[in-house]
Each structure stands twice: as C-alpha cells, then as structure tokens.
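Colleague: Chains as they are written, first to last, in our numbering: chain A, 98 to 585; chain B, 41 to 135.
Here a beta-carbon is modelled for each residue, glycine too, at the ideal position from N, C-alpha and C.
Computed from a prediction, not measured in an experiment: that's the story for all the values here.
Before I ask anything, here is the structure I am working with.
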Amino acid sequence: MALDLHAQTLTQLAAGLERGDFSSVELTEALLARIETHEQALNAFITVTGDQALAAAKRADAARVAGAAGVLNGLPIAHKDIFCTRGVLTTCGSRMLENFVSPYDATVVERLAVAGAVVLGKTNMDEFAMGSSNETSYFGPVKNPWRLDCSPGGSSGGSAAAVAARLTPAATGTDTGGSIRQPAALTGTVGLKPTYGRVSRYGMIAFASSLDQAGIITRSSEDAALLLGVMAGFDERDSTSIEHPVADYTAALSGSLKGLRVGIVRQHFDEGLDEQCGAAVKEALAVLESQGAILTEVDMPNLDLSVPTYYVVAPAECSSNLSRFDGMRFGHRAENPEDLLDLYCRSRGEGFGAEVKRRIMTGTYVLSAGYYDAYYLKAQQVRHLIADDFHKAFAEVDVIAGPTSPTAAFRLGDKIDDPITMYLNDIYTIGANLAGLPGMSTPCGFVDGLPVGLHLVAPHWGEETLLRCGHNYEQLSSWHQACPEDFQ
Amino acid sequence: MSLDKDQVQHIAMLARLRLADDEFSETVDKLSRIVDFVDQLSQADTENVVPMAHPLNESQRLRPDRVTEPNDRDHVQQNAPLVEHGLYLVPKVIE
C-alpha cells in the first residue's frame, strides 16, 4: 500500500473507502502491521484482535459491494478494555479480570459494529479506570508517543496513545473525572465526554455510576461528531440512559462562532496552572474571539472543592460497584480458601491493585456508620453547589473554555507515590462529571514538545456546541494534525 | 495521621479486602492523606443545600417486570472459577 493510510483521519478514510481507493482489508492489514511495529514501545493495547478484525473487514468490503454499507463501514476503531466484547478478553486493566472473556457485547460495541466499524483491539487503561496516568494498569503503564518516558494520562491512556501514534484513527474511552479529556490533552488528540446519560453504559464496567460516561478519542472534532452520531441514543438496557433526541452532529460542525458567548473561569488561571500551558490556552481563546466569539469572565467559587467532592462520591460508588467481585461467579479467585470470608478477602486482596483497594477503602470509610453524613451527604451537597456554579455561568455564556490539565504530560513515576498530587490533575475536568455536563478537549499547542489541550464544557445536551467550537478552532490551527516524530 | 492501624484494619474487613503485610503501612499513610484532603469539605457552607441525587435531576426509570433475556447459564458460567452441574461452588458455609 503506497498510501499512508495510518496518517488519515476517520473522515478521510471513509471517503477513501467509498471511492474504492483501498479496501477495508488493506486498511486493517496496514494498521495491524503498524500496531505490531510500535506496540512494544507504547504498551497501548492489552489485546489485539487481528483475526476478528480481518474477518470484520472482509464482511465490510462485501457489504460495500452489496450496497449495504453502514456509516462506519470498514473503518477501524479500538475499544478501551472497559467495554465488554463478546468472545474477547475484557480485563478492565485488572488482575481481577485477567481471564474474563465477556459473554456479551456492550451497547457501544454493538452499535459501532452494526455501523460497520472494525475493531483492532482492546486498549490499556488504569485499573478499573481509577488513575490519571495509566500507571495503575495491571498490564503496565502506557507510554506517551510524544515522549516515551512520559505518561499519556489516564485512565483512557491506551486509547489516547494509540490514536496519537496513528495505530488507530479512533478509540472509545470512558470519563468519570477526566479520563477521556486529560489523556486527549496529554497526547495531542481530541477527546469528547458526552452528557451523562447520552451514550449507553450497558456492558461498560462500572466505576462510579453517577459520574461515568462513555465517549471517544479521535484526531479531529469532525471524526468525534461522526462517531457520536452512532454511539448516542437511548438504550433500554442501561437504566441511566436518558431519552433525548440525537442531533445531527456532523451538520453542527459547519456553524460559525459569531456571537458565541465563551465563558472564561477566573479561577482556572490561578496558581496551579503551568504558565506556558496557560499561555497556549489564552492564545486559543484569542483565536475563538477572532472568529466572532464573545469572551466573558465567569466565576466558579466552588471550583477548589470539586476534587475533594469527587474523591468522596467516586470512591463511595466504586466501593459499592466493585463489591460484585467476590471470587464466585467470575474474576480472580484465591486458592485453597479456609472459609467463605477468607475466600472473599483474599480473592479481592489479590485481584485488585493498590489504587483500586485505596478507593474501595476510602468509599467504605465515607459510607460507614457514623461517617456517612460528614462525608457522603456533605459531598453530595457540595456537588449541588458546584452544579449551581455551572448553571449560573450558563445563564450568561454558551460554553466554558479553559485548560484541560494543569500541566503537559508528566514523567512516569513522578506522581504515582502521592495520590493527592495525582488527583489534582483532574481539577479542571471533574466539575463536568459532577454536574453531568458534556466536555471536550482539543489540542491547542505545545510546551517543550508536549501537547496542551483546550477544554470546552457546554450545558447538558450541548455536544453540538462543543463540536462546532472544536471544529472551527481546528480549521484555524494545525495542532491536532501534529504527529509525534517517531510515529510519522 | 487521621486514621490509625486499627481503623484501617476495620475498614479493610468491611470492604472484604486482605492487605498483605508489606502494603499495610503504606495504605494507612495514603488513606490518611486522602481523608485529610477530603476533610476540607467540612468548611463548605451547605446549610439548606439539598444533596444531589442525580446530575440531571432525573429519577431512576422503571421497566415492566417481564422476562426478556434467554437463559444463557452455561455460556455465562464459562467465566466462573468453580462450577458443578450449573451451580457455583463455594466453601462450606453451614457446619
């Protein structure tokens, strides 16, 4: 294949397949070969599904000939290993599920497959999506393609690294506190977390049920729009799925930014934000302004409380969700148990890694008798205050823009020993999860050769605004097209 | 240290987690730091603030109580560590 297929976006590949420039089998073979070449350096995948991918590509090529091509017919994608895939290992980055072969497909997986997408494999992630650096994965950390001794962020770090390194044009992710947007920022990719309830979570292994949402990592807002259109929509099998009409996201891209009211949060540019990152974000804001957007300062007085609130609510929900891993029906089971209690305690003690155990214990503590009111109830009240800050801001602006992450990618090993420093990585992203809002990160520059992300948050169901904003910005910048040197 | 060894031992038991000896003191230290960190919530004025139950203020949807899934027991049990005749095997609970 003479064409550099890996360098093309999903939208470009769709056009190429449609024109017959190449087949899905050729495309899939090219990307599988690329994964083979680069995987050892990156550790972005837990499972590569080469045979299934080629079989799906063959079916897609046949469907095209038969005139039955879906909107994603023959287009490659990777799934975060948190999504259940029938007949394929689904580990959630944990020893607990090291041998778990899912008996069913997640709705997201199913919808993308029905649209014709070809799954290249399952991407590495922080264990049970608990982490901001990918270092908590049982399968080892993912490396950032921009600098291999740096973290790609987390928890969807494998998805982000794979997209940044051009191993796949797109990958699914999940976002509970920033797990799509922060790795997107740290790898120079586009990451979209939709509104809570927008995309089905059926078959997506639960972490914190009032915060989790499925989304995507791509190399352009245009590609994110294409995938969201397929993934979004009501699902009876997910009790948190919300019935709300699915917009034509691709059509939404073409609108202009004239008159768009963009809120700048005063507190986002306080100490804590790396100065050079801040400068890159401010330049991006000036670009939006040059397109007719109106920049307005807004106040988020409770921003500082969002991280502590999250670290009560998320662990509480995780301690409840992860109680299903009991060594009985699936997952790791300890050998030679003395009795039932020993079986529970050792299966869980051996199956979970240190960070997951800490979160389960934090959650157990804040929900335990005597502490519930002081921690859990209090956090849910503060959560209300934080959501109110957003709602007040959205009375005045259409979208909030700022930095995605306080710094560019940090070195592997630098933050893993201090949970609080690691948790503060998500200070700008967590609020959207607490309030159920859609958020997106798009590349807006570099600091010392490492990418920086521009973070956008919209009111509930405002994905069109995010995508329009991102797409307009990407038309006037080329950051999202930059490719790490070793992965051209 | 906001949590002591006994408290952490108690929490671990409530969570059904056996901690190895070499991870225990680190867990006490890090859990204490997390608890200290989230303690700053106590300073927030939340008088008359309703605790948030759902990010979009929706209530949990109910569905009719109908059988919709086929019985897929054998397939599902392929992931079980120990089964016999379609039953999950556990250590003896009643003497």
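Considering only their Cβ atoms, is the gap separating A/S353 from A/N196 smaller than 8 Å?
Modeller: Contact flag unset, no.
Colleague: Once the 5 residues before and after A/M98 are set aside, which same chain residues still bring their CB inside 7 Å of it?
Modeller: Residue placement at A/M98 is flagged as unreliable, the pLDDT there being 45, under the threshold of 50; the coordinate-derived value follows with that caveat. Excluding residues within five positions, the ones whose Cβ falls inside 7 Å are F119, E123 and A127.
Colleague: Check the C-beta distance from A/G275 over to A/T526 and give it rounded, since I have them as a contact under 8 Å.
Modeller: 3 Å
Colleague: Quick check: what's the CA-CA separation for B/V89 versus A/L474?
Modeller: 10 Å
Colleague: Taking only three categories from DSSP, how would you classify A/T518?
Modeller: helix
Colleague: For B/E98, which residues in chain A fall below 8 Å Cβ to Cβ?
Modeller: G294 and I339
Colleague: Does the Cβ of A/Q310 have 16 or more other Cβ atoms within 10 Å, making it buried, or fewer, making it exposed?
Modeller: buried
Colleague: Hey, how far is the Cα of B/V103 from the Cα of A/Q279?
Modeller: The displayed chain sequence assigns Arg, not Val, to residue 103 of chain B. So the alpha carbons of these two residues sit roughly 36 Å apart.
Colleague: With a threshold of 8 Å between beta-carbons, can A/R316 be considered close to chain B, or not?
Modeller: Not a single C-beta of chain B is nearer than 8 Å to the C-beta of A/R316.
Colleague: Please decide whether B/H94 counts as near chain A, where near means a Cβ-Cβ distance under 8 Å.
Modeller: yes
Colleague: Quick one: which chain B residues come within Cβ less than 7 Å of A/P516?
Modeller: K70, R73 and I74
Colleague: Taking only the alpha-carbon atoms, compute the straight-line gap between A/A150 and A/V215 and give it to the nearest angstrom.
Modeller: 6 Å
Colleague: Answer yes if the stretch 107–126 of chain B comes into contact with the stretch 183–201 of chain A, meaning at least three C-beta pairs across the two stretches below 8 Å, and no otherwise.
Modeller: yes
Colleague: Strictly under 8 Å for the Cβ-Cβ distance: is A/P503 near chain B by that measure?
Modeller: no
Colleague: Who are the neighbours of B/H115 on chain A, taking C-beta pairs under 8 Å?
Modeller: For B/H115, the residues of chain A that pass the 8 Å Cβ criterion are P200, in the order they occur in the chain.
Colleague: For A/L438, which residues in the same chain have their Cβ closer than 6 Å to its Cβ, ignoring the five residues on either side in sequence?
Modeller: none
Colleague: Report the neighbours of B/Q80 on chain A: residues whose CB is nearer than 9 Å to its CB, in chain order.
Modeller: D401, L402 and P405
Colleague: Pick from A/Y408, A/F449 and A/G369: whose alpha carbon is nearest that of A/P500?
Modeller: A/G369
Colleague: Could you tell me whether the Cβ of B/P104 comes closer than 8 Å to any Cβ of chain A?
Modeller: So, not an interface residue.
Colleague: Which of the three DSSP states is assigned to A/M98 in this structure?
Modeller: Legend: pLDDT at A/M98 = 45, less than 50; position of this residue unreliable, value from coordinates given subsequently. Here A/M98 sits in coil by DSSP.
Colleague: Using the Cα positions of B/T86 and B/V68, report the straight-line distance between them to the nearest angstrom.
Modeller: Approximately 30 Å between the Cα atoms of the pair.
Colleague: Give the range of the beta strand (DSSP E) segment to which A/L308 is assigned.
Modeller: Careful: A/L308 lies outside any beta strand (DSSP E) and carries neither H nor E.
Colleague: Can you tell me whether A/F507 is helix, strand or coil according to DSSP?
Modeller: coil
Colleague: State buried or exposed for B/M53, treating a residue as buried only when at least 16 other CB atoms are found within 10 Å of its CB.
Modeller: exposed
Colleague: Let me know the secondary structure DSSP gives A/P266 once reduced to three states.
Modeller: coil
Colleague: By alpha-carbon positions, which one of A/P434, A/H488 and A/P291 ends up nearest to B/V133?
Modeller: A/P434
Colleague: Just how far apart, CA to CA, sit A/T315 and A/A104?
Modeller: 12 Å
Colleague: So A/H176 and A/T233 are supposed to be a Cβ contact under 8 Å. How far apart are they, rounded?
Modeller: 19 Å between Cβ atoms; not a contact.
Colleague: In whole angstroms, what is the alpha-carbon distance linking A/A532 and A/S248?
Modeller: If you take the alpha carbons of A/A532 and A/S248, they lie about 28 Å apart.
Colleague: When we look at the beta-carbon of A/A130 and count the other beta-carbons within 10 Å, is it buried (16 or more) or exposed?
Modeller: exposed
Colleague: Identify, in the order they occur along the chain, each residue of the same chain with its Cβ nearer than 6 Å to the Cβ of A/Q364, setting aside the five sequence neighbours on each side.
Modeller: M397 and L400
Colleague: Sorted by chain position, which residues of the same chain lie with C-beta nearer than 6 Å to B/N97's C-beta, five sequence neighbours on each side aside?
Modeller: Answer for B/N97: no residue qualifies.
Colleague: Give the single residue among A/S317, A/P503, A/S416 and A/A344 whose Cα lies nearest to the Cα of A/G330.
Modeller: Comparing Cα-Cα distances from A/G330 to each of A/S317, A/P503, A/S416 and A/A344, the minimum goes to A/A344.
Colleague: On the three-state DSSP scale, how would you describe A/T315?
Modeller: strand
Colleague: Spell out whether any CB of chain B is found under 8 Å from the CB atom of A/F427.
Modeller: yes
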